[in-house]
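Peer 1: Start counting the sequence shown at 6; every next residue gets the next number (the numbering used here). Cβ coordinates follow ideal geometry from the N, Cα and C atoms, glycine included.
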Amino acid sequence: MRIYIDTANTSDIKRIITKFPVDGVTTNPSLLAREKMNPMAQLKKIISLLEKDMEIHAQVLSSSAEDMIIEADYMRRQLGEQIFIKVPVTHEGIKAMKELSKAGFNLTATAIYTPMQAVMAAKAGARWTAPYVNRLDMIGANGVQVAIDIHNILTQMKGKTGLLAASFKNVEQILKLAEAGAGAVTVAPELLEQFLYHPLTEKAVTDFTNDFECITAKGATMKGL
Ligand code: G3P
6 MRIYIDTANT SDIKRIITKF PVDGVTTNPS LLAREKMNPM AQLKKIISLL
56 EKDMEIHAQV LSSSAEDMII EADYMRRQLG EQIFIKVPVT HEGIKAMKEL
106 SKAGFNLTAT AIYTPMQAVM AAKAGARWTA PYVNRLDMIG ANGVQVAIDI
156 HNILTQMKGK TGLLAASFKN VEQILKLAEA GAGAVTVAPE LLEQFLYHPL
206 TEKAVTDFTN DFECITAKGA TMKGL
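(1) Give the DSSP-derived three-state secondary structure of F89 in the structure shown.
(2) Do T115 and the ligand G3P come close, with the Cβ less than 7 angstroms from some heavy atom?
(3) Classify K107: buried if its beta carbon has 16 or more other beta carbons within 10 angstroms, exposed otherwise.
(4) Can you say whether M125 is buried or exposed, counting buried as having 16 or more other CB atoms within 10 angstroms of its CB?
(5) Which residue from I179, G98, R140 puts its Cα closest to that of Y118?
(6) Using the three-state DSSP reduction, which class does A13 fall into: helix, strand or coil?
(7) When the Cα atoms are used, what is the spatial distance from T232 to V94?
(8) Starting from A126, follow the alpha helix (DSSP H) in both directions and report where the run begins and ends.
(9) Relative to the C-alpha of A63, which candidate in M102, A77, G130, A129 has its C-alpha closest?
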């Protein structure tokens with residue numbers, strides 16, 4: 006399962022990519038707005054922090070398909086080959102994705118709330134489909150189940166399109182998608198940092214250190230013995 010960081014904050018990105026094995030960064034217009042910088046300059050700054058094989062996902066803002074295509078082309082020229090263009094699954098968005106996929110753009114279909122929207126995005130040539138798990142839960146739907154349904158349908162379709170689930174509030178939601186074989190998830194930095202948390206892990210490390218120091222010295226390691 007690929008794991009992306011869902012943020013436009015460069016401090017968070019630096020901290021996470023230094024320590025965790027992640028595959029890229031997803032942004033959306035709201036996350037970029039939170040940084041109070043020129044959004045294109047901010048995206049360039051983010052790309053400068055990434056390895057060459059990492060993806061950066063950024064969304065078009067135009068409302069007509071024609072303008073989305075022009076905007077996506079501009080974004081790719083500005084941001085390079087690592088860019089995945091996020092396009093919402095509106096009528097105009099699907100129309101734009103049909104053309105952009107033919108022109109070889111990497112596409113992430115976004116703002117997905119139903120499996121049928123994901124099917125249409127897959128047919129239009131998107132590489133990733135991004136349902137919003139927690140936002141579905143918030144309206145009384147089962148976000149994890151919708152994401153699993155999308156994954157199963159995409160698997161049946163046997164195309165290039167995968168599930169990139171977004172909008173999480175806890176680790177359990179993500180684990181259920183990992184069990185179901187999800188292609189990718191994008192996770193806020195503070196939730197990503199909870200992935201490794203367990204008090205007994207901390208305790209085990211402390212106990213081992215204390216035992217080792219009993220026969221060596223305070224702060225001793227294998228190095229130098
Ligand atoms: O890009 C969409 C995704 O980031 C939404 O997440 O946490 O705002 O529901 P959230």
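Peer 2: Answer, in terms of the structure:
(1) DSSP, reduced to helix, strand and coil, places F89 within a strand of the structure shown.
(2) yes
(3) exposed
(4) A residue is called buried once 16 or more other Cβ atoms fall within 10 Å of its Cβ, and M125 is buried on that count.
(5) R140
(6) coil
(7) Outside the displayed range of the chain (6 to 230) lies residue 232, so it cannot be described from this structure.
(8) 120-128
(9) A77
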